[in-house]
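Engineer: All letters in the sequence shown, in the order written, are residues -34 to -1, 1 to 153 by mature numbering (1 follows the signal peptide of the UniProt record, and there is no 0).
For every residue, glycine included, the Cβ atom is placed at its ideal position computed from N, Cα and C.
All figures in this text were calculated on a predicted structure; none of them were measured in a lab.
Provided herewith is a single structure, encoded as C-alpha cells, for subsequent inquiry.
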Amino acid sequence: MKAEAKREGAKRIGARLAAAALALAAAAAAPAQATAQQSTNRVEAFRDWSVFTADAGGPVCWIVTQPQSSVATRSGKPVQVQRGDIYLTVAVRPRQGVNSEIAMVAGYPFRDGSTVKAEVGSRSFELFTEGENAWTYPNDDGEIINAMKAGAAIVMTGVSSRGTTTIDRFSLLGFTDALTSAQTRCK
C-alpha cells in the first residue's frame, strides 16, 4: 500500500514543488506585518495561520504558518544551524483535484531518501522528502488534516543532508478556520 502511495506521490511531486514554491514566495512576506498588509495574495489571517490566493491557470489557495520553535541536534546534543525559511502549508488546487495537500519547507535539504515524522498529539505520520520539501502521502492527507483540526500543535522531525536532526513545532491555532476559508475560496 505504501509503495503504491509513494508512486502516486512521486507523480505529484512536480505539482507539489510548484505549490510549495508559490506558497513560499507568497509566504516570505508574511512575517513582516507591513509587508503582509501590502501583499495582494494574502487575504485573511486566523490566529497563527494565513490564507493566500492566486490564479495560476485556475484558482489556487493555500494556508501557511511558521514554526513557533525549532531545535537542531547532532548526536543528541543541541547545535546552532543556519536554515532558510521554514513553512508548513496546505494547498487547495481544484483544477488538479487537490483539496488539502500538506507540505513542509524545511529551510535545508533533507537527507536523500529520508522521511519526516509528523506528530499531532499521540498520532504519528510519515512524510516523504525531496530537496528542502516534505509532503504527506496522498492517501494520508485526510487523516492528517483531521488530526490537525483536533490538535493544538504539529511537531515535524527531519534529518538534514548533513545529519542534523531538526524538530519544528507549528501551532494549529486558527488552522481549521484558515483551511475552511481556503477551501471555500477555491471551489
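Grouping DSSP H, G and I as helix and E and B as strand, with all else coil, what is residue 146?
Structural biologist: helix
Engineer: Check for me: the beta strand (DSSP E) holding residue 29 runs from which residue to which?
Structural biologist: 25 to 31
Engineer: Which value, in whole angstroms, describes the spacing of the CA atoms of residue 143 and residue 131?
Structural biologist: C-alpha separation (whole angstroms): 31 Å.
Engineer: Pick helix, strand or coil for residue 116, following the three-state DSSP scheme.
Structural biologist: Three-state result, residue 116: helix.
Engineer: Specify, as a first and last residue, the run of the beta strand (DSSP E) that residue 134 falls within.
Structural biologist: 131 to 137
Engineer: So, residue 22 versus residue 52, is the Cβ gap smaller than 8 Å?
Structural biologist: no
Engineer: Using the Cα positions of residue 57 and residue 24, report the straight-line distance between them to the nearest angstrom.
Structural biologist: 13 Å
Engineer: By Cβ distance, which residues of its chain are closer than 6 Å to residue 149, with the 5 residues on each side in sequence left out?
Structural biologist: 58
Engineer: Output the boundary residues of the beta strand (DSSP E) element that contains residue 103.
Structural biologist: Membership of residue 103 in any beta strand (DSSP E) is not indicated, and neither H nor E is assigned to it by DSSP.
Engineer: Going along the chain, which residues of its own chain have a beta-carbon closer than 6 Å to the beta-carbon of residue 18, five neighbours each way excluded?
Structural biologist: -9, 7, 8 and 28
Engineer: Quick check on DSSP: helix, strand or coil for residue 52?
Structural biologist: coil
Engineer: I need the straight-line Cα distance from residue 104 to residue 112, nearest angstrom please.
Structural biologist: 14 Å
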